[in-house]
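Engineer: In this note's numbering, the protein residues as written are 430 to 502.
1. Helix, strand or coil for residue 457 per DSSP?
2. Per DSSP, what kind of secondary structure is residue 471 in: helix, strand or coil?
3. Starting from residue 444, follow the alpha helix (DSSP H) in both directions and report where the run begins and ends.
4. Cutting at 7 Å between CB atoms, please list the residues of its own chain near residue 448, excluding the five before and the five after it.
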């Protein structure tokens with residue numbers, strides 16, 4: 430899916446955006462000068478390594494399954 434700044438439509442189909450891989454896979458599906466939208470596809474046994482973005486905020490939603498989120502390092 431092409432990354433776009435065209436917000437004439439703000440609807441995305443998760444099955445068209447999310448990509449799977451041998452590791453947890455992040456797919457950016459929109460970006461502007463101040464924000465971006467990404468989908469992580471994390472299979473059982475995979476993980477997103479703990480890291481931080483000091484100049485930004487994260488918002489996580491689990492669509493299917495369960496996971497552990499550590500809000501502060």
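Every residue, glycine too, gets a C-beta built ideally from N, C-alpha and C.
Structural biologist: Result, derived from the coordinates:
1. When DSSP states are grouped into helix, strand and coil, residue 457 belongs to the strand group.
2. DSSP places residue 471 in coil when its eight states are reduced to three.
3. In the DSSP annotation of this structure, the continuous segment of the alpha helix (DSSP H) that includes residue 444 starts and ends at 443 to 446.
4. Cβ within range, chain order: 454, 456, 470.
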